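Notes for the one structure printed next.
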């Protein structure tokens, strides 16, 4: 089975489980129905499900079944989707298109988009703490604690705040690395660490997965920025990235594309090296970082 | 000690603990500092802290110390404050003043207000799941589960969605009762149920507290609506509530003020009756519902 097939297979499992988790909602009245519908619009029908894939694959290293790993994987995806909905809002990045469709505040309205994001974030913690999904309260409580820290004011939310202020005030290389570690890295780290928690991994194994996740997150972001820069350069017929011009905080704008590509290769090697303790069992995770680094749009 | 003195005493404890919980944040950069500052603006320096008070008082029925009850009480207050920040946003209720100060999106900006609300909601789950605040993972996981359900798409967030759609589309008496139970009742219920969870209450005691909380929530909302109607009538020099005119979903607009006051008395009696199993120990909670029903602005 190729990596692409495997990613698609797990993606479909995640999609199905998310659809189940989001099916029970909706009140008979118009307001309730539209909240649930907006949450489904935001969470279903798009995305590669890379974060849930990392969680399921990390958990599998320790023999955790997909059935047991799927609920936390879906909780993580709810947080990712909430962050996209709120980041797209007019007062944030003001984006009109997401995954090829109108963004949620355009498809519904702004109030519904804010509420649906809030509700997806809250649902993530409901899923993680639901005794039907894990019999061990210590596992449930630890996953909640890790996800709240990853998503919150010292994690993803801080990253978004830094990003907004960087766009207004300019930025330095060290700031960009920090904000990307927070804004996108924190959820990748949660994905891999949650796998270790579910699998009752040894401390050394957990640290190895964290090191992998941190390199993965940086590689993912850098590949994203390179794709953006390449797309912009192609569109403009020249080798200057749009992002550099409008002050968006990317490493390409600061390092230049050649140094950025060299850094990307180094990060992939770093991620692979971190997986050495797991040997052949970690092949899927090795392929995942190679995939993340070489994505085409 | 009078009830007012006791409410003020616990309110100060909550304020102090919240200030500690919100002190550790803020990054050296401007974006991070302003996120943490906005969270403090939203959570500190205002409010009677009635929800935390109910939690601390319910827990005390079972001998739980204030020290142990304060972190969950602060988590609850974080959720309450996040809901106020997001409800005040221009696309929601578009309010300019909250607790006598400019609302958060006016004091900072809209993006920061959305992010600070998100971060306060997330922080609530971090506090509840933090092993430093409770040694028992089963208690931590159960509190998270209860708060996520109370705040989420079948609870407070649904209530807000129903409220927005009621203002647009008109409403019936049964809808108003439902939306108020969700929008304001859910957090009062969590307050009392959390006290029971912390105190390892018997099922019958927990149910008694839930019955109390549900009557409390309705009485609180009705008293609020009566105050609004009274203030409007005084301002306008006539006995017609503004809210009835602009389609805001209140019971006063539907029942009329006399029937509403009779209903309020009945709810206070219902709440007191629910506390009968606790006898004299529940005197503070009895006084709390009387206080909530007879508030002056």
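Residue numbers (the numbering used here), protein chains in the order written: chain B, 13 to 309; chain W, 13 to 309.
Ideal Cβ placement from N, Cα and C applies to all residues, glycine included.
Here the structure is a predicted model, which is why all the values come from computation and not from measurement.
Inset, instruction - Using only alpha-carbon positions, find the residue among B:265, B:225, B:246, B:142 that is nearest to residue 188 of chain B. - result: B:265
Legend entry - Meets three-Cβ-pair contact criterion under 8 Å: the stretch 277-288 of chain W and the stretch 224-243 of chain W: They touch, by the three-pair rule.
Legend entry - Any 3 or more C-beta pairs closer than 8 Å across the stretch 125-140 of chain W and the stretch 164-171 of chain W: No, the stretch 125-140 of chain W is not in contact with the stretch 164-171 of chain W.
Inset, instruction - Alpha carbon to alpha carbon, how far is residue 50 of chain B from residue 108 of chain B? Give it in angstroms, no decimals. - result: 16 Å
Legend entry - Three-state secondary structure assigned by DSSP to residue 269 of chain W: helix
Inset, instruction - Give the range of the alpha helix (DSSP H) segment to which residue 311 of chain W is assigned. - result: Because residue 311 of chain W is not part of the residues shown, which for chain W are 13 to 309, the question remains open.
Inset, instruction - Whole angstroms is fine: what's the gap from residue 155 of chain B's alpha carbon to residue 147 of chain B's? - result: Distance between the alpha carbons of residue 155 of chain B and residue 147 of chain B is about 13 Å.
Legend entry - chain W contact for residue 196 of chain B (CB, 8 Å cutoff): no
Inset, instruction - Return the bridge partner residues of residue 109 of chain W from the DSSP annotation. - result: W:114
Inset, instruction - Spell out a yes or no on whether the stretch 54-62 of chain W and the stretch 83-103 of chain W are touching, meaning 3 or more CB-CB pairs, one atom from each, closer than 8 Å. - result: With the cut-off at 8 Å, the stretch 54-62 of chain W and the stretch 83-103 of chain W touch.
Inset, instruction - Would you kindly work out how many angstroms separate the C-alpha atoms of residue 267 of chain B and residue 234 of chain B, rounded to a whole number? - result: 11 Å
Legend entry - Alpha carbon of residue 314 of chain W to alpha carbon of residue 306 of chain B, nearest angstrom: Past the boundaries of the shown model lies residue 314 of chain W; chain W is included only from 13 to 309, so the question cannot be answered.
Legend entry - Chain-order list of residues whose beta-carbon lies under 7 Å from that of residue 30 of chain W (same chain, five-residue window excluded): 55, 56, 86, 89
Legend entry - Same chain only: Cβ atoms within 8 Å of residue 238 of chain W, ignoring 5 sequence neighbours per side: 264, 269, 272, 273, 276
Legend entry - Helix, strand or coil at residue 14 of chain B according to DSSP, with G and I counted as helix: coil
Inset, instruction - Output, in chain order, the set of chain W residues within a Cβ distance shorter than 8 Å of residue 164 of chain B. - result: 131, 134, 135, 138
Inset, instruction - On a CA-only basis, which of W:131, W:17, W:28 is nearest residue 83 of chain W? Give me that one, please. - result: W:28
Legend entry - Closest Cα partner of residue 325 of chain W within the set W:66, W:25, W:173, W:114: The question about residue 325 of chain W has no answer, for chain W in this structure spans 13 to 309.
Inset, instruction - Within 10 angstroms of the Cβ of residue 278 of chain W, are there 16 or more other Cβ atoms? Answer buried if so, exposed if not. - result: exposed
Legend entry - 8 Å Cβ cutoff met for residue 191 of chain B and residue 63 of chain B: no
Inset, instruction - Can you have a look at residue 136 of chain W and say buried or exposed, based on whether 16 or more other CB atoms are within 10 angstroms of its CB? - result: buried
Inset, instruction - Please determine, among W:68, W:206, W:231, W:219, the residue with the shortest C-alpha to C-alpha distance to residue 150 of chain W. - result: W:206
Inset, instruction - Identify whether residue 98 of chain W lies in helix, strand or coil by the three-state DSSP scheme. - result: helix
Inset, instruction - Check distances from the C-beta atoms of the stretch 146-161 of chain W to those of chain B and list, in chain order, the residues that come in under 7 Å. - result: 149, 150, 152, 153, 156, 157, 160, 161
Inset, instruction - Would you check whether the ligand SAH has a heavy atom nearer than 7 Å to the C-beta of residue 204 of chain B? - result: Summarising the ligand content, the structure contains no ligands, and the ligand SAH is consequently not present.
Inset, instruction - Please say whether residue 124 of chain B and residue 169 of chain W have beta carbons closer to each other than 8 Å? - result: Going by C-beta atoms, residue 169 of chain W is not nearer than 8 Å to residue 124 of chain B.
Inset, instruction - Decide if residue 181 of chain W is buried, meaning its Cβ has at least 16 other Cβ atoms within 10 Å, or exposed. - result: Exposed, since its Cβ has fewer than 16 Cβ neighbours within 10 Å.
Inset, instruction - Going by CA-CA distance only, name the one from W:262, W:158, W:221 that's closest to residue 241 of chain W. - result: W:262
Legend entry - For residue 48 of chain B and residue 195 of chain W, the rounded distance between their alpha carbons: Straight-line Cα distance between these residues: approximately 16 Å.
Inset, instruction - Assign residue 61 of chain B to buried or exposed, taking buried as 16 or more other Cβ atoms, counted over all protein chains shown, within 10 Å of its Cβ. - result: buried
Inset, instruction - Could you say which of W:298, W:97, W:152, W:236 lies nearest to residue 220 of chain W if we only look at CA atoms? - result: W:298
Inset, instruction - Take residue 23 of chain W as the anchor and find which of W:35, W:81, W:74 has the nearest alpha-carbon. - result: W:81
Inset, instruction - Could you check which residue in B:186, B:208, B:113 has the C-alpha nearest to that of residue 158 of chain B? - result: Of the candidates B:186, B:208, B:113, the one whose C-alpha sits nearest the C-alpha of residue 158 of chain B is B:208.
Inset, instruction - Please check if any C-beta of chain W sits within less than 8 Å of the C-beta of residue 48 of chain B. - result: yes
Legend entry - chain W contact for residue 92 of chain B (CB, 8 Å cutoff): no
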